[in-house]
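Residue numbers (the numbering used here), protein chains in the order written: chain G, 1 to 363; chain X, 1001 to 1386. Each residue gets a CB set at the ideal place from its N, CA and C atoms; glycine is no exception. Inspection log for the structure reproduced underneath, given as structure tokens.
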């Protein structure tokens, strides 16, 4: 214990990471006690799982945008792959495998693997290039995946799987056959739910993966590439390898978020509402507002930005308008240099923080 | 810099906790009113439907309250936005539960409805959707609907075209990315096998490609079709009609209830829609007294906006809920589960005549039994055909 405390005080990254984990765990304990106490509102209960998968999305995108320094505009596409993989597996394996936790684990792992595979495949040609090519390719990829998932018909009968891009009749299913994906209607009748606890564990695993990656030899190599590609190359870092590694992990984590998304609703249909360009940008907004490269910031910004439109419901028609205004205001207050300077002056006037600012001066 | 970041994190964490706490204890109100909730898109691309439902239902609620309420109890109506997004729709549903909603008139659109119906079934909350047409939208036994289902519309349209000998060759342009459109199309094609016409072309488009229809129109012409069936919403339909006019393609057009509202579209030349036939349960030109009163009330409430079918469905939905509550003789003090169980039974026992049909009855599956109305657009107005 003592060594831990010593480490906490001396090792700066260890301290920062511990604080990040602690925030998640404390928030979890708080929420659980509110649920057990029966005082949490229905809308908050419904939002808890949404927080979790959006946090995973934001943290995973932050790995690409903040740590790797590449822009991905199709992150919702990876989420889409994860969601459909998880949902299809759940539908097909559901009858065979009755032990739900194992089934969920398989869905999550499969969703992560497949999304990671697509990330890897995209990375092979694109991450060798310098410039904004990843943004362009992922943008197209996200749209393609969204449209393919909305067009495909998949059914299952005793002869196996049938797939068509035309319509349900083209599948020639037997009478006993079951439709799995019904084109634009997607997958309906999903009955799997992941508990809040499991979601928080997944959030923690995501944080552990990303934070440890960042503080590892690999992570330093990745950040070296971000900061100066030529210098990194000159020191013998295999640029493509490290970029691929980071991007694949990022895609796989987005896949996990996708599986959780699929589990949170009884229906999964791919549309521009959930896996389109706007969603990718939305996640990017979470990352940018939380601070590019700042993992803890992503977590906090995500929770606030998911919560905000729900808490603004009382504004009815003006809700989304005010949401946009609040976004701009938050962005300015948080990140504009002059606003930050004013904020620091303001903070130094408040007594309890005076000590800390003094400390800073001493340092 | 590090310190100020830490402080920011702290502030954000505190505000998060405060926000989550503030969620509790909301919606305390008296127990002598029926609390009816509504969910639909009032922002975003599908807002026109949600707004229509919100206004239509509100008119019905105001009328009922003015006339003394249901069994002497007033109605409290609140409507939440779902942006036509299943995820947001479930959030809206949970918010309404916090407001102590007892009965849900919603949701407006199909995809969100499919997500909400599951939650409502788990909570045992009765729901009556005015306008969600997908079969799955009322797959659970606690859900009923006012409008026709997708299969129903496709089949009825095919039957009507066959019975009236409107065509020998039919071409279809449909929205591949929309369950409503492809649902109707599938059933239209299925029923066409039993009718005296054949489907010669099925041309798809998606919401990402709904501006240029020249390929689909050319395919329609090439197929030699004498009737164009458009199971789509009116924004896209208006594009198709104007592009067909530019290409000087003269073909009869048959639409579904999504077509309703095309005459009210800003900047649309209504002469292009002249002669279009459409299957819809509601027409503002109906001389029926109730319809005229409703149109008048709606126009007064919405600055002269003409009500569409969605508004009429919602208006009917509230009155249907009233009829069912009266049949079941319920009081607002009953729990949600009691109300749901009683209304499920009462719905199959009532017969309702309103704006969108006469003597409508419901089966336990939640589907309404009513006759479809076909209207023709003549001189810029909807005219009911027999």
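- In the assembly as shown, residue 62(G) is a buried residue. Its beta-carbon has 16 or more other beta-carbons within 10 Å.
- Counting only unbroken stretches of 4 or more residues, the alpha helix (DSSP H) elements lying wholly within the region 1215-1286 of chain X are 1234-1246, in sequence order.
- Judged by beta-carbon spacing, residue 1314(X) lies within the 7 Å limit of residue 1057(X), meaning their Cβ atoms are closer than that value.
- Exposure of residue 1304(X) is indicated by the presence of fewer than 16 other C-beta atoms within 10 angstroms of its C-beta.
- Leaving aside the five residues that flank residue 14(G) on each side, the residues in its chain whose CB is nearer than 7 Å to its CB run, in chain order, 7 and 8.
- Among the CB atoms of chain X, one or more fall inside 7 Å of the CB of residue 42(G).
- Residues of chain G with a Cβ closer than 9 Å to the Cβ of residue 1095(X) are, in chain order, 41, 42, 43, 46, 310 and 313.
- In the DSSP assignment, residue 1338(X) falls within the alpha helix (DSSP H) that extends over 1336-1347.
- Within a 10 Å sphere around the beta-carbon of residue 1385(X) sit fewer than 16 other beta-carbons, which makes this residue exposed.
- In terms of beta-carbon proximity, residue 1194(X) stays away from the interface with chain G, with every pair separated by 7 Å or more.
- Only those residues of the region 1075-1087 of chain X whose C-beta falls short of 9 Å from the nearest C-beta of chain G are listed: 1079, 1080, 1081, 1083, 1084, 1085, 1086 and 1087.
- Per the Cβ contact rule, the region 53-73 of chain G is in contact with the region 238-257 of chain G (3 or more Cβ pairs under 8 Å).
- Going by C-alpha positions, residue 1225(X) is about 12 Å away from residue 1203(X).
- Classified as exposed, residue 1067(X) has fewer than 16 neighbouring CB atoms from the shown chains inside 10 Å of its CB.
- Relative to the Cα of residue 1364(X), the nearest Cα in the group 1301(X), 1143(X) and 1288(X) belongs to 1143(X).
- Residue 187(G) and residue 74(G) have their C-alpha atoms roughly 22 Å apart.
- For residue 254(G), no CB of chain X lies under 7 Å from its own CB, so it is not counted at the interface with that chain.
- The DSSP-derived three-state label of residue 1042(X) is coil.
- Of the residues 166(G), 180(G) and 43(G), the one whose Cα lies closest to the Cα of residue 156(G) is 180(G).
- Residue 1291(X) and residue 1309(X) have their C-alpha atoms spaced approximately 11 Å apart.
- Following the DSSP letters along the chain, one finds residue 1145(X) inside the beta strand (DSSP E) bounded by residues 1143-1145.
- Taking residue 84(G) as reference, the option from 154(G), 305(G) and 228(G) with the minimal CA-CA separation is 154(G).
- Within chain X, no C-beta atom comes nearer than 7 Å to that of residue 98(G); the closest sits roughly 21 Å away.
- Within the region 284-345 of chain G, complete beta strand (DSSP E) segments of at least 3 residues are not found at all.
- Taking one beta carbon from each stretch, the region 1077-1089 of chain X and the region 1039-1058 of chain X have 3 or more pairs nearer than 8 Å; the two touch.
- Cβ neighbours of residue 1189(X) within its own chain (closer than 6 Å, five residues either side excluded): 1199.
- Under the rule that a run must span 4 or more residues, the alpha helix (DSSP H) segments found entirely inside the region 1060-1132 of chain X read 1086-1098 and 1110-1123.
- Under DSSP, the beta-bridge partners assigned to residue 1385(X) are 1374(X).
- Rounded to whole angstroms, the gap between the alpha carbons of residue 1251(X) and residue 1242(X) is 12 Å.
- When Cβ pairs closer than 8 Å are counted between the two stretches, the region 44-53 of chain G is seen not to touch the region 220-231 of chain G, the count staying below three.
- By the neighbour-count criterion, in which 16 or more other beta carbons inside 10 Å mark a residue as buried, residue 270(G) falls on the buried side.
- The three-state reading of DSSP puts residue 1162(X) in helix, counting H, G and I together.
- For residue 1208(X), there is no enclosing alpha helix (DSSP H), as DSSP gives it neither H nor E.
- Of the residues assessed, residue 302(G) falls on the buried side of the cut-off, its CB having 16 or more other CB atoms within 10 angstroms.
- The residue from 1051(X), 1208(X) and 1031(X) with its alpha-carbon nearest to that of residue 143(G) is 1208(X).
- At least 7 Å separates the CB of residue 1120(X) from every CB of chain G.
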